[in-house]
Each structure stands twice: as C-alpha cells, then as structure tokens.
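For the sequence shown, the positions run -20 to -1, 1 to 688 when mature numbering (1 follows the signal peptide of the UniProt record, and there is no 0) is used.
Every residue, glycine too, gets a C-beta built ideally from N, C-alpha and C.
What follows is a short report on a single structure.
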Amino acid sequence: SISFFFPQVLLLSCAEGLECVPGFQQKVFYIEQPLQFTEDQRVLNLEFDDCKGNNKLNFEVSNPDFKVERDGSLVALKNVSEAGRALFVHARSEHAEDMAEILIVGANEKHGALKEIFKIEGNLGIPRQKRAILATPILIPENQRPPFPRSVGKVISSEGTEGARFRLSGKGVDQDPKGIFRINEISGDVSVTRTLDREAIANYELEVEVTDISGKIIDGPVRLDVSVIDQNDNRPMFKEGPYVGHVMEGSPTGTTVMRMTAFDADDSSTDNALLRYNILRQTPTKPSPNMFYIDPEKGDIVTVVPPLLLDRETMDTPKYELVIEAKDMGGLDVGLTGTATATILIDDKNDHPPEFTKKEFQATVKEGVTGVIVNLTVGDRDDPATGAWRAVYTIINGNPGQSFEIHTNPQTNEGMLSVVKPLDYEISAFHTLLIKVENEDPLIPDIAYGPSSTATVQITVEDVNEGPVFHPNPMTVTKQENIPAGSVVLTVNATDPDTLQHQTIRYSVYKDPAGWLEINPTNGTIGTTAVLDRESPYVQNNVYTALLLAIDSGNPPATGTGTLHIILEDVNDNVPALYPTLAKVCDDAKDLRVVVLGASDKDLHPNTDPFKFELSKQSGPEKLWRITKLNNTHAQVFLLQNLKKANYNIPISVTDSGKPPLTNNTELKLQVCSCKKSKMDCSATDALHISMTLILLSLFSLFCKSFP
C-alpha cells in the first residue's frame, strides 16, 4: 500500500470561496516508498484545472514507467521497484500549463518531511493570523515555450478594499534580472514574461504588497517564493580531459586504472543529474573485447582480464582507447548522454632480460689505432622507452690493461666496443674479451639473466709498419758556445718497434733553424757545421732546439721524430757596450756633472758586471774631466772647469769581469753649448776639439816626417 500525506498549507483550496486559480490545485505530494509499484496500480490523483474547461489537456511524467490518465490518476505502467526520489508531472491545456512534484520518501523520512513542510509554512509567506494576503509558492518548469507572458499563479487578498492594488517587487521584478515577473494589480494574477533557466537561477524570492490608490501600503509585504522546476536539459559533460590512465602489465584482475567523472548542470537532487557510466567501445578489441569494466556509479575503470592476457609484449599495441558514456536519469533510455575517450597505457615491467644476438663476435684492429672496433647487438622485448630495455654493458674478463671500453649506443641499444689504449702487435696479436649485458632497471624477482646475456669478442691485431723511436726523446746535451765547426755534439739512437721485420734505420736533420748541425745518416752522430753562439736569436733561454728524423726501410718507409736540446754554456766573447754615447752641457754651467754612463754585456754572469770605467790618459797642462764609479754598472762623468763652446770627444774604456776580461775602448761625444734664457744652442759650435790622444798622434806623425 502507499501512504499519502498532503501539506494542506500548499492547497489553494484552503481558502474557501476564492476564485479559480489555473493549474494544479496541489503542487507537491509526498508518498511513502512501497516495496514495489505494481503494474496498473493507481498511485494518486492529481487535480488540474485551467478554469476554462481543461480543453486539450495533456499530461507528461518525468519517469516513463508512469503515466497520468485523463482524469488525473497517476498509474504505473509496469512493476517498478526503484522510481527514484521524485516524479514530475507536467500538465498543459489550451489555456494553462503547470508542474506538480511527487516526492518519494522512506518510512523513516516521513516525519522529517512533514517538519520541512511546516518549516516552509513558517518561511514562505503563507497566510497567518491577521494577514489578508494569500501568496502560495509558485512552481514553474524551466524551458517553457512561448507565447509569453503566461500566467503562473495568483495572489489573493481576502479584504476587498475599494481601490486596493497589488504590487510585486524583488529580484526578477524591479531588481536584476528585471522584468521576468509581473502582477496584475487588480486581479493579482502573476505571470512570467520569458523562458526560465534553472541552471542560471533556481529560486526567486519576491514580495507582494497591497496598497491603496495613493500607493500607501495596506497589507504586506508577504513573501512569494517562485521555484524553477528542473527539466533534463543538460547533457553530462566530461570537463577534466584528456583522460589518460596507466596500468602495469601482468596486474591482477580488478586493478583500478583510473576514474572518469562527468558533470551535469541539472538539479543534483533529481534523476536529471543522476549519472551512470558505461563503456561504449574498446579499441583495439584484442586479446579480449572486454579488457576493462567501469563502475556505473563511481566511474572507476578496472581490469577484468587475467594477468596473462595483460602482457604488453604479446599485444598489438600497448595503448587502448575506451569511449565512455555518461547518461543521466540514472541511466534510463530517456536520459541525456555525454561521451569522452579514456586512453589506457599498458606500462612495461622488466620481465625480459636482454640477450646477445650471437654468442661470439669478431673484430680486427690495426695496432696503434684507437676508436670503436665492433658493435655488439642485443635483443630485448621490453619497452624501448624505458630502463627495462636500455642496456648496460660490462667487460668482465680479458681487459687487464684497460685497453678496451664499451658504451651503449642510446639510439640502437648496441654495445660500442672501443680501443682506448693503442694495441701493440709485437706484444699480443690476439685478445679475447667476455662481455655481459644487463638492463638499467632491475629484473622482476622471478626473472634472472641467463647465458644469452654474456658473449665473447675475439679481437685480431694487425701489424703496422711503425716509425722508429728515439731513446730518449727529447735528447739533451750541454756544450760550450764557440766550439769549432766539426765538433761532435752527440750520437743519437733510435730503434724500430717492428722487431720481427729486421729493418734498417737512416737519420737526417729535419729542422735546424741556425744551420749549425749535420748528422751521419748511418750511425746518428751529430756534428757542428758552424760556431755555436749562445747569443744568437735562435737560442732561447740558453737552449738551441733541433728536430731529427729516423726513417726505417719498410715499404712504405715509416718515420720517427726526435727532439734535440743543446744547452749552451756562456763564454766571455762579448765586450761591454757603453751608453749613452752623446752628452750636452752649457758653457757657463755651474753643475759640472756631465752625464751618468751605463754599461751592458750580452754575456752571462760572471762575464758581465761589475764593470770597470776609466778615462784614457789625458795630456797637456790641464786635465779637463774625470770619471767616478757609481755602482757595478754605472759611472759619473764630471767637467773640471767650464769649457768653450765646442764639440769634444772623451776617450773612455769599460772592462767586464770575465776571465780573461774584455775591454771596450770608446769615446763619449760631449757638446758644450751656449745657454741663454733657458734655451740651449749647440748649432754654432767652434771647430771640434779633438781628444788628447789624437793630438799626440798628430804631433808624432809630424815629428817623424821632419826626420826622414
């Protein structure tokens, strides 16, 4: 049986003697959920009156398992055990349209539902004591079609005051959005002027007042609630895409892959937003057309095949695409649908070890050459984009001298075996390496590396005609400079690494910047062709460098290069040089210090300073100048008296400290100039005053001519 409990506060008929209000005479019903609605069972009676004879009256029920007869009886069309939380009945006649709501509650919800009803009574502006305005809540279906305006309800005042006027206000009337509702100020008819959208605004709270002809409020305000009844006008939408899930291959049946969640903008308390999920299509369909299942209520996608079928290596592709449908109305046929694509990737795990394509590889390399000599190939059935496929190679035997290295080619996964230290055919013509291969990622516990994960590499070294090698290299010898041409410097020695070929060696000079050397082509004895000079520009830091060649008799011949460093010891073979060689002084100078002289020597210590400075012997009645040593390298020249304007040559000797010492006899040119107003004029000097030495030589020559 079905229990009914009707809130009388929602009945327009509660006010006796009121005029007819078009629409359902009761808009909300509460019925207790039975175990089952049986086929042809009359659930309740609905009363609809358009106040004009109900011409062309038609009913529509939100649940297709029910219908409304012409007389208003709600009838079940079949046995229904689950009808949802609410049914909506839409009635339309030639002159009126309205919506009734049938709420289905459990037995334990009945008391609470009644409390809500009376709560509504206290809040909705239902007539109370001393109120003459009857403002029954109005229910309006969304998405009504024109014509507009259309009547949706009526406000009644029990006091028939002459000249009284109804006035409506609130959001939807005189507040944004303005002009949706209006009231006939005389009759109290409330009408809507346009189509409503519950998803935009679900409820309107209006106020009704009664005023006199002057606008003074007589009664009210009384609240008038307008509720927009939801229609199933929004499809479910998947808003969070793209949807990509991952599941490890071999996962047990029932493993959760991902969750699909759709959104429906309709009323979440109704079946209009009650979603159910379903898989419409799976691509590809192998190894099973039903690899996955989706929980119809939660949207969780789980695996349903045995772990053996979830094998990435046996699949045509590790990517599956599922077309997921979300349907409202609890999944009923009348529900609206939305779809999205879920991409599921089968992730690889390292369940296949890498294996060499053959047990033994061959390589040939010339001695003395480095670089890659062979690429080792492996096969691995795991995902090439993961560490379960990428190979790591190791030389585990045969490489004591660390002459070989192996690295992974990141594109091909091959092992590139390289020679990093040149091999010597004469030492070993063959090498055997043992190589193992593993993955970057560890294998899963029940898989191990087998014999196919190791391989042997046989390497043959080819003999090459190698150039002779000088011993030692570079070669260094110490010699004094100035040794005569034809002197022996040293005898060089070069050997041929190709000991099995018994070749002869010839020697030659490759680079000899100063042209000082020659070499015996047979025995390698180096001799001088010129005097070795330490002060030559070809000598750097006392070292002269030459390059030598050793050429074997191979076909073609091979050449080795040697470097010779000759360290030259210094000999005192350079006289000191004096600077400056010119000095000027005023004829009336009070400071008779003429100039500070310096000396330099190309030789090395101890063949240089301290230097000894001296004046050559001065003759005549008066001495004109003198020289005084300042330090090891400098001396001061003084005038002993002022001289006439003229040019003078002062004979000076400077001697180094070598053993034996070397002396440089030179002259300092002295110009005695006139100086006026801080300007020195040396342009009109008298005839040259020659040095005392030259005077004596001239007198001696004249004397000899006088006595033949």
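Outcome for residue i when other beta-carbon atoms lying within 10 angstroms are tallied against a minimum of 16
i           : result
residue 693 : Past the edges of the chain, shown from -20 to 688, lies residue 693, and the structure says nothing about it.
residue 283 : buried
residue 210 : buried
residue 653 : buried
residue 661 : exposed
residue 103 : Note that residue 103 has pLDDT 40, beneath the 50 cutoff, so the model's placement of it is unreliable and the number below is only indicative. That one is exposed.
residue 293 : exposed
residue 659 : exposed
residue 410 : exposed
residue 639 : exposed
residue 479 : exposed
residue 91  : Any answer about residue 91 is weak, because its pLDDT of 46 lies below 50 and its placement is not dependable; what the coordinates show is given next. Its Cβ having fewer than 16 others within 10 Å, residue 91 is exposed.
residue 464 : exposed
residue 492 : buried
residue 33  : exposed
residue 517 : exposed
residue -1  : exposed
residue 689 : What the structure shows of the chain is the stretch from -20 to 688, and residue 689 is not part of that stretch, so it cannot be assessed.
residue 610 : exposed
residue 692 : The chain is shown only over -20 to 688; residue 692 falls outside these bounds and no answer can be derived.
residue 78  : buried
residue 427 : exposed
residue 155 : exposed
residue 419 : buried
Residue i, enclosing beta strand (DSSP E) - first and last residue
i           : result
residue 121 : 118 to 121
residue 321 : 317 to 327
residue 68  : 66 to 72
residue 429 : Note, residue 429: premise wrong, no beta strand (DSSP E); not H, not E.
residue 398 : 395 to 399
residue 658 : Residue 658 -> no beta strand (DSSP E), and no H or E assigned at all.
residue 456 : 455 to 460
residue 24  : 22 to 25
residue 351 : 351 to 356
residue 183 : 183 to 191
residue 518 : Segment: none, residue 518 is in no beta strand (DSSP E) and carries neither H nor E.
residue 227 : 223 to 228
residue 55  : 53 to 56
residue 243 : Run containing residue 243: none; DSSP gives neither H nor E here.
residue 34  : Where residue 34 is concerned, there is no enclosing beta strand (DSSP E), given that its DSSP letter is neither H nor E.
residue 491 : 485 to 491
residue 201 : 197 to 209
Identified DSSP bridge partners for residue i
i           : result
residue 305 : 258, 319
residue 645 : 633
residue 653 : 566
residue 369 : The partner list for residue 369 (beta bridge, DSSP) is empty, contrary to what the question assumes.
residue 555 : According to DSSP, residue 555 bridges with nothing at all.
residue 377 : 414
residue 451 : Answer is none; residue 451 lacks a bridge partner.
residue 593 : 634
residue 361 : Residue 361 is not bridged to any residue.
residue 663 : BP columns for residue 663 are empty, so no partner.
Anticipated Cβ contact below 8 angstroms, residue i with residue j, distance rounded
i           : j           : result
residue 152 : residue 160 : 4 angstroms
residue 208 : residue 176 : 5 angstroms
residue 26  : residue 85  : About 18 angstroms separates the two Cβ atoms, so there is no contact after all.
residue 390 : residue 358 : The Cβ separation is near 14 angstroms, so there is no contact.
residue 546 : residue 528 : No, residue 546 and residue 528 are not in contact; Cβ-Cβ is about 12 angstroms, not under 8 angstroms.
residue 551 : residue 642 : In fact, because the Cβ distance is near 11 angstroms, the residues do not count as touching under 8 angstroms.
residue 591 : residue 553 : So it is not a contact: roughly 16 angstroms between Cβ atoms.
residue 475 : residue 448 : 6 angstroms
residue 67  : residue 46  : 6 angstroms
Quiz item: With a cut-off of 8 angstroms, do at least 3 Cβ pairs link the segment 248 to 256 to the segment 287 to 295?
Solution: no
Quiz item: Do the segment 427 to 445 and the segment 363 to 373 touch if we need at least three Cβ pairs shorter than 8 angstroms?
Solution: no
Exercise. Assess, as a yes-or-no matter, whether the segment 11 to 19 is touched by the segment 32 to 40 under the definition of 3 or more beta carbon pairs within less than 8 angstroms.
Key: no
Self-check item: Inter-stretch contact at 8 angstroms, needing at least 3 Cβ pairs: the segment 452 to 463 / the segment 502 to 513
Solution: yes
Exercise. Decide if the segment 393 to 404 is in contact with the segment 350 to 367; the criterion is three or more beta carbon pairs, one per stretch, under 8 angstroms apart.
Key: yes
Practice problem: For the segment 333 to 343 and the segment 315 to 324, state whether three or more C-beta atom pairs, one from each stretch, are separated by less than 8 angstroms. | Solution: no
Exercise. Inspect the CB distances between the segment 188 to 208 and the segment 296 to 306 and report whether three or more fall short of 8 angstroms.
Key: no
Quiz item: Pairing CB atoms from the segment 562 to 575 with CB atoms from the segment 481 to 491, are three or more of them under 8 angstroms?
Solution: no
Quiz item: Counting pairs of beta carbons, one from the segment 121 to 135 and one from the segment 166 to 184, are three or more of them closer than 8 angstroms?
Solution: yes
Quiz item: Is it a yes or a no for the segment 57 to 71 touching the segment 19 to 30, going by three-plus beta-carbon pairs under 8 angstroms?
Solution: yes
Quiz prompt | Any 3 or more C-beta pairs closer than 8 angstroms across the segment 141 to 148 and the segment 221 to 239 | solution = no
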